[in-house]
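Quick mapping for you: the protein sequence lines, in order, are chains A and B. Quick note, the first sequence lines up with residues -5 to 343 if you use our numbering. Quick note, the second sequence lines up with residues 59 to 318 if you use our numbering. All C-beta atoms in this analysis are idealised placements derived from N, C-alpha and C, irrespective of residue type, glycine included.
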Amino acid sequence: MKKAALCIFSLFFLLLVFCTAVSFLVEDWMTPDVVAVKGMEAEDPFTKERVPVCPVEAVRTDENGDFVLEIVEEDGWQTSTRAVRRNLDHCRPLSEDNVTSPSLSAYAQYIRFSSKPVSDGARVRVSGASESALGLVVMRLRDPGAAAVKETLARLGFRVRESAGDAVLAETESLSAPFFADEVRALCAEQGFEVVEAFSMRDFGELADALPLLAAAGVLFGAAILFWALFCRAVRSGSTARYALWIGIAAALFGSVAVLSLTALPSSVLPQRHILDLSHYGAAWSSVCAALQSVGAASLADPLRQKAAAAFWLILTGYALMLLFFLAVCVFSGRRKHRRRKGKHFATK
Amino acid sequence: MKKRSAFRTFCAAAVCVLCVTAVIPFVYILWLSFFGGGAFTGLGYYDVFLASPVYLLRFWSSLALAAVIALGQLAVSVFAGYGFAKYRFPGRRVIFFVLMMVMVLPLQVTLVPNYIMLDRLHLLDTYAALALPAIFSPLGTFILTQCFGAVPDAISEAAALDGAGVVRTVLSVFCPMNKSGLVCAALLSFLDGWNMVEQPIAYLREFESYTISVALAYTPPAGTTVQFVCCLLVLLPPLFLFTRYNTELVEGIALAEIKG
């Protein structure tokens, strides 16, 4: 009972230590980057009074009406910068670019663009000056037959390389990091056509680059579990090696966390709610592949597929080797025990 | 014979009912940690263990505080208990009686005097305000006085004859002989430190400093699943200590009882 308790709770302990370290990374990866815009005061042309206003791009709409996401500093368990929903009652346009509502504040900051959908109460990171680089963007348009889509996109800085059906593959020299799909949608909406989805191939490339590192971290974590299993065997047999095995556990856990800390996951490709939502990755990947397929640029996805395959084989090989090692240790130590017992048996005879 | 077996059956049934009544809250918490929102979900576990480090950091800081309290009280109680058990000095009985009186006083009675004292020492809003009063709690001294008192004087005389000083006698002779008493004292003081509620509320001003036992009450209303998962997290250290050291705990309490 005591040995079983030691084994079980040692597993809880090492999982808690691992989760503590990894949670810092997960929180950082999952925090969406946002572009903030400040509320202002402007004179209402009708009432001639100073009223709070905010840019039109900050206003969002859902089934519950218009709202903005205000950036606030929370305390308590939620200590950090967070987005809080403010429903806009009696919202009306004040000018072409601004709207006003009694719910707005002239001193607040509102989210203009975000790297992924932001929910009420979600932690956010206000993005500073972002670097711009050459990159490819894959878009799906609502109305691909809209007049002069190519020319309009070219005016916005997107050079169309291929297009077919509702999919467009465009190149831009001002691809922001992080990528704000909202910004692309807002720019195109101003020109009169709707972008349903927009993906940055660079962000997907970064995700694919991260897959082998994630696989390596997974293998190292598996090694820590393997050492723990050997520790449990040593506890049962009373071997002094159980203390040395904790060095192996610590080294494997440290290695796993160190590899994870080298990984950079762009928030634009991560799910909204939790990082382990595999259906989101599958859906996003299918959308991108389908769009690339339809524009005849499926080969662009090949390097990403290769990295994913490499990650898969790395995990499979790593875990297979660990399982073989564990079985070998069990068989070898079992044989040694049997020989010792045989030796004792003959000695007593 | 029939009467005896009926009585035994009744006792067994009563014990079963008591066990089920004691276990049901934990099973309920475990159930609600998965089904708190209606349907099965593991998101509560994800939110506590992976989504953010706030819960686990508070768990580790509370664990460190409770460990410091347990070790500190053990260090103080070992020498205080040896002094009460083996030395005859004027006022020993009176001081021991006062110690026992302080031990049975409710915590709420000493909260305000402690607050005033800690304020004068400029220790308010620090972890020392939680640790110091707990380290000098009389419970461990009481337990170890009883345990050390059960050791014959001849042992300490033999150790002195071999050239051992007081510290050596206590650490190398008395402590190994009274492991169950030491474990009992450490365990009970750890649990006191782990479960403290009034002291953090009274002595700490910032929410960030609250131990996890107190901070749980401030979980946002929408996070009830998170709260249940945190309850399970808080359960782990006492569960481990009781499972691993239940024999020593019972022996330590029994020894204190016999000689009390």
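Starting from residue i, follow its DSSP beta bridges and name the residues at the other end.
i, result
"residue -4 of chain A", "DSSP output for residue -4 of chain A lists no bridge partner at all."
"residue 55 of chain A", "A:60"
"residue 32 of chain A", "A:103"
"residue 75 of chain A", "A:67"
"residue 172 of chain A", "In the DSSP output, where bridge partners are listed per residue, residue 172 of chain A has none listed."
"residue 150 of chain B", "According to DSSP, which records beta bridges pairwise, residue 150 of chain B is partnered with nothing at all."
"residue 87 of chain A", "A:93"
"residue 284 of chain B", "The partner list for residue 284 of chain B (beta bridge, DSSP) is empty, contrary to what the question assumes."
"residue 263 of chain B", "Answer by DSSP bridge pairing: none, since residue 263 of chain B is not bridged."
"residue 27 of chain A", "A:119"
"residue 48 of chain A", "A:93"
"residue 81 of chain A", "A:61"
"residue 189 of chain A", "A:135"
"residue 184 of chain A", "Residue 184 of chain A pairs with nothing; no bridge assigned."
Of the residues the options, which one's Cα is nearest the Cα of residue i?
i, options, result
"residue 296 of chain A", "A:120, A:198, A:52", "A:198"
"residue 14 of chain A", "B:87, B:228, B:268, B:103", "B:103"
"residue 101 of chain B", "A:236, A:269, A:-5", "A:269"
"residue 131 of chain A", "A:291, A:314, A:92, A:74", "A:291"
"residue 311 of chain B", "B:203, B:255, B:210", "B:203"
"residue 88 of chain A", "A:113, A:35, A:59", "A:35"
"residue -5 of chain A", "A:318, A:230, A:266, A:194", "A:230"
"residue 246 of chain B", "B:171, B:127, B:209", "B:127"
"residue 131 of chain B", "B:71, B:174, B:192", "B:192"
"residue 25 of chain A", "A:213, A:305, A:118", "A:118"
"residue 187 of chain B", "B:177, B:195, B:196", "B:177"
"residue 282 of chain B", "B:81, B:68, B:99", "B:99"
"residue 50 of chain A", "A:-3, A:91, A:186, A:59", "A:91"
"residue 90 of chain B", "B:190, B:288, B:167", "B:288"
"residue 108 of chain A", "A:146, A:52, A:97, A:328", "A:52"
"residue 121 of chain A", "A:333, A:161, A:106, A:194", "A:106"
"residue 60 of chain A", "A:267, A:236, A:85, A:129", "A:85"
"residue 252 of chain A", "A:76, A:314, A:215, A:42", "A:215"
"residue 185 of chain A", "A:283, A:143, A:241", "A:143"
"residue 317 of chain A", "A:209, A:223, A:20, A:169", "A:223"
"residue 264 of chain B", "B:234, B:296, B:185, B:242", "B:185"
If you measure between the beta carbons of residue i and residue j, is that distance less than 9 Å?
i, j, result
"residue 47 of chain A", "residue 94 of chain A", "yes"
"residue 199 of chain B", "residue 135 of chain B", "yes"
"residue 70 of chain A", "residue 113 of chain B", "no"
"residue 307 of chain B", "residue 238 of chain B", "yes"
"residue 252 of chain B", "residue 271 of chain B", "yes"
"residue 321 of chain A", "residue 263 of chain A", "no"
"residue 227 of chain A", "residue 325 of chain A", "no"
"residue 156 of chain A", "residue 104 of chain A", "no"
"residue 261 of chain A", "residue 110 of chain B", "no"
"residue 217 of chain B", "residue 231 of chain B", "yes"
"residue 96 of chain B", "residue 286 of chain B", "no"
"residue 288 of chain A", "residue 159 of chain A", "yes"
"residue 196 of chain B", "residue 160 of chain B", "yes"
"residue 174 of chain A", "residue 29 of chain A", "yes"
"residue 277 of chain A", "residue 204 of chain A", "no"
"residue 136 of chain A", "residue 190 of chain A", "yes"
"residue 219 of chain B", "residue 84 of chain B", "no"
"residue 187 of chain A", "residue 146 of chain A", "yes"
Please list the partners that residue i has in chain B, where partner means a Cβ-to-Cβ separation under 9 Å.
i, result
"residue 216 of chain A", "Here the premise fails: no neighbours, minimum Cβ distance about 18 Å."
"residue 14 of chain A", "107, 111, 114, 115, 117, 118"
"residue 250 of chain A", "Within 9 Å Cβ-Cβ: nothing; residue 250 of chain A doesn't reach chain B, min ~14 Å."
"residue 10 of chain A", "107, 114, 117, 118, 291, 294"
"residue 6 of chain A", "294, 298"
Residue i versus chain A: which residues are under 8 Å apart at the beta carbon?
i, result
"residue 112 of chain B", "71, 73"
"residue 302 of chain B", "-4, -1, 0, 3"
"residue 277 of chain B", "71"
"residue 104 of chain B", "268, 270"
Which chain A residues sit within Cβ distance under 9 Å of residue i?
i, result
"residue 92 of chain B", "Going along chain A, no residue has its Cβ under 9 Å from residue 92 of chain B, so there is no contact; the nearest lies around 15 Å."
"residue 361 of chain B", "Residue coverage of chain B in this structure runs from 59 to 318, which leaves residue 361 of chain B outside it and unanswerable."
"residue 101 of chain B", "267, 268"
Along chain B, which residues have their Cβ under 8 Å away from the Cβ of residue i?
i, result
"residue 17 of chain A", "107, 108, 109, 110, 111, 114"
Could you name the residues of chain A that residue i contacts, counting a contact when the two beta carbons are closer than 7 Å?
i, result
"residue 298 of chain B", "-1, 3"
"residue 173 of chain B", "None at all; the shortest Cβ gap to chain A is about 24 Å."
Residue i touches chain B at which residues, Cβ-Cβ below 7 Å?
i, result
"residue 112 of chain A", "In chain order: nothing, as chain B lies at least about 15 Å away."
"residue 20 of chain A", "108, 109"
At what residue ranges does the stretch 193 to 231 of chain A contain a whole run of the alpha helix (DSSP H), taking only runs of 4 or more? The stretch 193 to 231 of chain A contains these whole alpha helix (DSSP H) runs: 195 to 231.
Ranges of the alpha helix (DSSP H) found wholly within the stretch 111 to 145 of chain B, counting only runs of at least 4: 112 to 144
Quick one: which unbroken alpha helix (DSSP H) runs of 4-plus residues sit fully inside the stretch 92 to 168 of chain A? Chain order, please. 143 to 149
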